[in-house]
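K.L.:
Following this message is one structure expressed as structure tokens.
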Amino acid sequence: MNQISLHNTLPLVFAQRPDNTSELWLQNVSFERGHLYLIEAASGTGKSSLCAYLTGYRRDYSGTITFDGRDIRDLHNFEWTGIRRRTLSLMFQELRLFPELTAWENVEIKNQLTRHKSEAELIAWFEALGIDEKRNTRLGLMSFGQQQRVALIRALCQPFDFLLADEPVSHLDQENSQVMGEVMMQEAQRQGAAVIITSIGHHMDLPYERVFKL
Amino acid sequence: MKLLWKLLRQHVSIGQLAGFFLANLLGMLIVLLSLQFYEDVVPAFSGEDGVIKNTYVILSKRIAAVSSLRGEAQTFSESDISDLSQQSFVRKVGVFTASQYQVYASLSTGGIGMGTDMFFESVPDDFVDIKWPASAASQDAGQISEVPIILPRTYLALYNFGFAQTKNLPKLSEGVVSMIPMDIRLRGEAGKEMRLKGRVVGFSTRLNTVLVPESFMRRTNADLAPSASAAPTRLIVEVKNPTDDAIASYVQERGYELEDNSLEAGRATYFLKITAAIVMAVGLLISALSFYILMLSVFLLVQKNAEKLQNLLLIGYSRTRVALPYQLLTIGLNAAVLLIAIALLFWVRDWYLHRLWQMFPALSEGSVNGTLLIGLALFSLVSFLNALAIRRKITSISRPK
Chain A
450 MNQISLHNTL PLVFAQRPDN TSELWLQNVS FERGHLYLIE AASGTGKSSL
500 CAYLTGYRRD YSGTITFDGR DIRDLHNFEW TGIRRRTLSL MFQELRLFPE
550 LTAWENVEIK NQLTRHKSEA ELIAWFEALG IDEKRNTRLG LMSFGQQQRV
600 ALIRALCQPF DFLLADEPVS HLDQENSQVM GEVMMQEAQR QGAAVIITSI
650 GHHMDLPYER VFKL
Chain B
37 MKLLWKLLRQ HVSIGQLAGF FLANLLGMLI VLLSLQFYED VVPAFSGEDG
87 VIKNTYVILS KRIAAVSSLR GEAQTFSESD ISDLSQQSFV RKVGVFTASQ
137 YQVYASLSTG GIGMGTDMFF ESVPDDFVDI KWPASAASQD AGQISEVPII
187 LPRTYLALYN FGFAQTKNLP KLSEGVVSMI PMDIRLRGEA GKEMRLKGRV
237 VGFSTRLNTV LVPESFMRRT NADLAPSASA APTRLIVEVK NPTDDAIASY
287 VQERGYELED NSLEAGRATY FLKITAAIVM AVGLLISALS FYILMLSVFL
337 LVQKNAEKLQ NLLLIGYSRT RVALPYQLLT IGLNAAVLLI AIALLFWVRD
387 WYLHRLWQMF PALSEGSVNG TLLIGLALFS LVSFLNALAI RRKITSISRP
437 K
């Protein structure tokens with residue numbers, strides 16, 4: 450997939466708002482493969498809604514969203530499964546990890562599906578992100594910042610053309626978010642993928658090519 | 037799959053599943069057992085294998101003191117028979133032909149000899165519940181070497197449980213009786229005589245008489261008593277439905293008599309059928325309810341794990357894949373139920389067959405194939421519906437809002 454486009458898109462709940470100053474809603478905007486984007490937003494401006502639309506689990510918007518020109522409302526269930534597995538990876542703001550499983554199992558449950566990374570590569574990421582000793586800890590017992598790093602590893606262990614990271618470093622200090630940015634960009638560049646990061650203030654220091662104010 | 041199961045088994049309620057398991061087991065067992073019991077027991081009543089077979093009644097004219105004194109005929113005339121044949125409840129009518137000559141049978145084994153005066157009767161071959169040996173049909177009266185004879189099963193029971201028991205004589209099985217050769221002497225008009233060998237070839241539950249093949253009867257009557265007329269005293273009637281009231285009222289109206297047990301057996305078979313059907317219906321109902329319990333339990337499970345399932349779908353798991361653990365769980369439970377039900381079925385069947393054999397030594401056990409097939413069909417149907425329902429439930433939680 451090379452392009453994600455929004456045409457006149459607006460969450461239905463915003464339909465009554467008179468003043469639209471957004472650089473995304475009700476505009477014609479495209480995200481291209483291989484580029485780096487930042488979406489800056491105040492809370493309540495529809496950032497998480499956007500992520501939900503792009504991963505196909507919500508449809509409460511007007512206008513059109515297309516993947517390579519195809520309206521995503523027309524995608525079948527099985528096509529969404531393929532997209533989530535091979536084309537578009539999402540790191541959720543609420544993480545959507547499984548607290549019953551260990552950190553390692555949370556990553557493994559995805560990697561078993563995609564068979565994208567070797568065990569050594571995964572361990573290297575755990576080490577780089579400083580959570581190697583937590584690998585066998587049940588996720589529910591870890592801090593949110595630690596969980597964010599697990600979620601990043603899970604998001605990276607699949608092929609993707611677009612990586613959508615919804616507030617990936619909200620609970621991390623400067624140093625850790627720097628490391629996370631490096632790991633993320635390294636894998637995205639290796640795959641030639643686009644990275645779209647959202648943030649409500651504190652964000653990773655990266656060479657963004659375009660910044661949208663939501 | 038292991039990780040997926042570790043995740044999705046959260047909230048699995050052992051209590052609910054055990055409840056389903058027991059209920060389903062009970063339902064399945066009742067269904068299979070009623071089917072099998074019916075299959076095994078019906079032959080004991082009807083003397084036949086097979087589920088819906090025809091039933092026979094035997095008719096005679098009532099013997100009343102007055103009519104016998106007057107010398108009135110106790111036989112059926114041609115018009116009696118044709119009138120009976122036209123009744124709606126009748127499928128076929130056969131006549132009993134009695135021997136018009138004297139019969140003396142004797143046997144001698146191991147130095148003990150005994151003999152008795154007796155008689156022969158015959159009915160058309162297709163009314164006999166035992167097959168005549170193939171040789172019987174081809175025999176020519178002049179060269180008959182051995183007469184095949186069928187005795188009522190009750191005679192053997194009478195001997196074994198009455199006579200032999202009190203006289204300390206050995207009990208005889210059907211096989212042993214069949215091996216004893218008999219000498220038979222037939223004496224007809226004008227001193228005509230015929231000496232033959234005889235052999236018991238079977239025991240009938242339907243016909244309460246000493247039977248020989250009809251062809252043999254026709255030839256010997258013609259040879260030994262050419263002038264005697266052989267009007268039938270008894271008729272065998274194949275009826276469509278032994279419980280039909282029309283039979284009883286026709287018989288009463290005409291002053292005929294029914295040989296009791298034939299109709300009773302038919303009735304008993306009919307009641308057995310109804311009872312088996314009711315029991316089976318109860319079994320099916322329990323099965324259906326247990327299916328409902330399982331569905332509720334699985335739906336509750338899916339609902340409790342909805343968030344997990346949704347997350348799995350969002351990280352790229354297909355609906356098929358997340359439905360699989362629950363589908364395998366239910367199919368596994370159903371399969372276990374089927375296997376245990378079959379094991380219990382064989383166990384219970386073994387128990388009742390032994391008791392039945394004491395009552396009906398010659399009872400041949402019915403086939404279990406039909407029952408196993410029904411069990412398998414029930415298992416397949418229930419598993420298919422389970423799998424389908426789970427799939428639909430998961431689809432419903434994955435639908436975009």
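Protein chains in written order, with this note's numbering: chain A, 450 to 663; chain B, 37 to 437.
C-beta: ideal position from N, C-alpha, C; glycine also.
1) If we define contact as Cβ-Cβ less than 8 Å, is ARG427 (chain B) a contact residue for chain A?
2) In the region 552-566 of chain A, which residues sit with their C-beta less than 8 Å from some C-beta in chain B, listed in chain order?
3) Does the CB of GLU549 (chain A) have a neighbour CB from chain B at under 8 Å?
4) Can you say whether ILE216 (chain B) is buried or exposed, counting buried as having 16 or more other CB atoms within 10 angstroms of its CB?
5) Hey, out of B:VAL67, B:ILE426 and B:ILE351, whose CA is closest to ASN560 (chain A)'s CA?
6) Alpha carbon to alpha carbon, what distance is there between ALA54 (chain B) and ILE166 (chain B)?
7) Could you work out which residue in B:ALA359, B:VAL318 and B:GLY51 is closest to ILE433 (chain B) when comparing CA atoms only?
8) Say whether chain A places a C-beta atom closer than 8 Å to the C-beta of ASN341 (chain B).
9) On the DSSP bridge assignment, give the partners of ASP523 (chain A) in chain order.
10) Which two residues bound the contiguous alpha helix (DSSP H) that contains PHE396 (chain B)?
11) With DSSP collapsed to three states, give me the class of ASP76 (chain B).
12) I'd like to know whether the C-beta of GLN607 (chain A) is nearer than 8 Å to at least one C-beta of chain B.
13) Output, in chain order, the set of chain B residues within a Cβ distance shorter than 7 Å of ASP509 (chain A).
14) Rounding to the nearest angstrom, what Cα-Cα distance links LEU232 (chain B) and GLN123 (chain B) in this structure?
15) What separation, rounded to the nearest whole angstrom, lies between the Cα atoms of THR431 (chain B) and ASP509 (chain A)?
16) Based on the DSSP secondary-structure assignment, which residues constitute the bridge partners of GLN452 (chain A)?
17) Relative to the C-alpha of SER70 (chain B), which residue among B:PHE199, B:THR311 and B:ARG189 is closest?
18) So ASP610 (chain A) and ALA643 (chain A) are in contact, right, with Cβ under 8 Å, and what is the actual spacing, rounded?
19) Taking any Cβ of chain A, which residues in the region 345-371 of chain B have a Cβ under 7 Å from it, in chain order?
20) Is the region 43-63 of chain B close to the region 528-538 of chain A, with three or more CB pairs under 8 Å?
21) Report the option in B:VAL213, B:GLN201 and B:ASN244 whose CA atom is closest to the CA atom of VAL164 (chain B).
22) Should ARG270 (chain B) be listed as close to the ligand SAM, given that the test is whether its C-beta is under 7 Å from any heavy atom?
23) The alpha helix (DSSP H) spanning LYS429 (chain B) covers which residue range?
24) Can you find a C-beta in chain A that's less than 8 Å from the C-beta of LEU424 (chain B)?
25) Measuring CA to CA, which of B:VAL139, B:THR152, B:ILE94 and B:GLY151 is closest to PHE132 (chain B)?
26) With DSSP run on the structure shown, which of helix, strand or coil describes PHE239 (chain B)?
27) What does the alpha-carbon distance come out to for the pair THR586 (chain A) and VAL556 (chain A)?
28) For LEU39 (chain B), which residues in chain A fall below 8 Å Cβ to Cβ?
29) With a threshold of 8 Å, are at least 3 pairs of Cβ atoms found where one atom belongs to the region 625-642 of chain A and the other to the region 469-477 of chain A?
30) Please list, in chain order, the chain B residues whose beta carbon lies closer than 8 Å to that of GLY505 (chain A).
31) Under 8 Å by Cβ, that's how I've got VAL632 (chain A) and LEU601 (chain A) pegged, so tell me the actual separation to the nearest angstrom.
32) Quick one: what's ILE646 (chain A) bridged to in DSSP?
33) Which residues, in order along the region 574-601 of chain A, keep a beta-carbon less than 9 Å from a beta-carbon of chain B?
34) Is there a Cβ of chain A sitting closer than 8 Å to that of GLN46 (chain B), yes or no?
35) What residue from B:VAL373, B:GLN394 and B:SER333 has the CA that sits closest to HIS473 (chain B)'s CA?
36) Using C-beta distances below 6 Å, list every residue in its chain close to ILE488 (chain A), excluding the 5 sequence neighbours before and after it, in chain order.
P.N.:
According to the structure data:
1) Proximity of ARG427 (chain B) to chain A, defined by a Cβ-Cβ separation below 8 Å, is not satisfied.
2) Cβ contacts with chain B come from GLU554, GLU557, ILE558, LYS559, GLN561, LEU562 and THR563.
3) At a cut-off of 8 Å between beta-carbon atoms, GLU549 (chain A) makes contact with chain B.
4) ILE216 (chain B) is exposed by the Cβ-count criterion.
5) Out of B:VAL67, B:ILE426 and B:ILE351, the CA that lies nearest to the CA of ASN560 (chain A) is found in B:ILE351.
6) When rounded, the distance between both Cα atoms is 50 Å.
7) Ranked by Cα distance from ILE433 (chain B), the first of B:ALA359, B:VAL318 and B:GLY51 is B:ALA359.
8) At a cut-off of 8 Å, the C-beta of ASN341 (chain B) has no neighbouring C-beta in chain A.
9) Beta-bridge pairing links ASP523 (chain A) to no other residue.
10) Premise fails: PHE396 (chain B) is in no alpha helix (DSSP H) and is neither H nor E.
11) Assignment of ASP76 (chain B) by DSSP, reduced to helix, strand and coil, places it in the helix class.
12) At least one chain B Cβ lies under 8 Å of GLN607 (chain A).
13) The contacting residues are LYS437.
14) Per the coordinates, the alpha-carbon of LEU232 (chain B) lies some 41 Å from the alpha-carbon of GLN123 (chain B).
15) Their backbone Cα atoms lie some 19 Å apart in a straight line.
16) According to DSSP, GLN452 (chain A) shares a beta bridge with A:GLU481.
17) That would be B:THR311, whose Cα lies nearest to the Cα of SER70 (chain B).
18) ASP610 (chain A) to ALA643 (chain A), Cβ: 7 Å. Contact.
19) Answer in chain order: ASN347, LEU350, ILE351, GLY352, TYR353, SER354 and ARG355.
20) Inter-segment contact for the region 43-63 of chain B and the region 528-538 of chain A is absent: fewer than three beta-carbon pairs are separated by less than 8 Å.
21) Here the closest residue by C-alpha is B:ASN244.
22) Of the ligands one can find in the structure shown there are none, so the ligand SAM has no counterpart to examine.
23) Element bounds for LYS429 (chain B): 405-434.
24) So no, LEU424 (chain B) is outside the interface.
25) Distances from the CA of PHE132 (chain B) to each of B:VAL139, B:THR152, B:ILE94 and B:GLY151 were compared; the closest alpha carbon is that of B:ILE94.
26) Here PHE239 (chain B) carries a strand assignment [DSSP, helix/strand/coil].
27) For THR586 (chain A) and VAL556 (chain A), the distance between alpha carbons rounds to 13 Å.
28) In chain order: LEU550, GLU554, GLU557, ILE558 and GLN561.
29) When C-beta atoms of the region 625-642 of chain A are compared with those of the region 469-477 of chain A, fewer than three pairs fall below 8 Å, so the two segments do not count as touching.
30) Taking a Cβ-Cβ cut-off of 8 Å, the neighbours of GLY505 (chain A) in chain B comprise PRO436, given in sequence order.
31) Between VAL632 (chain A) and LEU601 (chain A), the beta carbon gap of about 7 Å places them in contact (Cβ cut-off 8 Å).
32) The partner list for ILE646 (chain A) (beta bridge, DSSP) reads A:LEU487 and A:ALA614.
33) Along the region 574-601 of chain A, there is no position whose C-beta sits under 9 Å from a C-beta of chain B.
34) Contacts with chain A at 8 Å (Cβ-Cβ) include GLN46 (chain B).
35) With chain B represented from 37 up to 437, any question about residue 473 (chain B) goes unanswered, as that position is not in the structure.
36) Non-local C-beta neighbours of ILE488 (chain A) in its own chain, meaning closer than 6 Å and more than five positions away in sequence, comprise THR647, PHE661 and LEU663, ordered along the chain.
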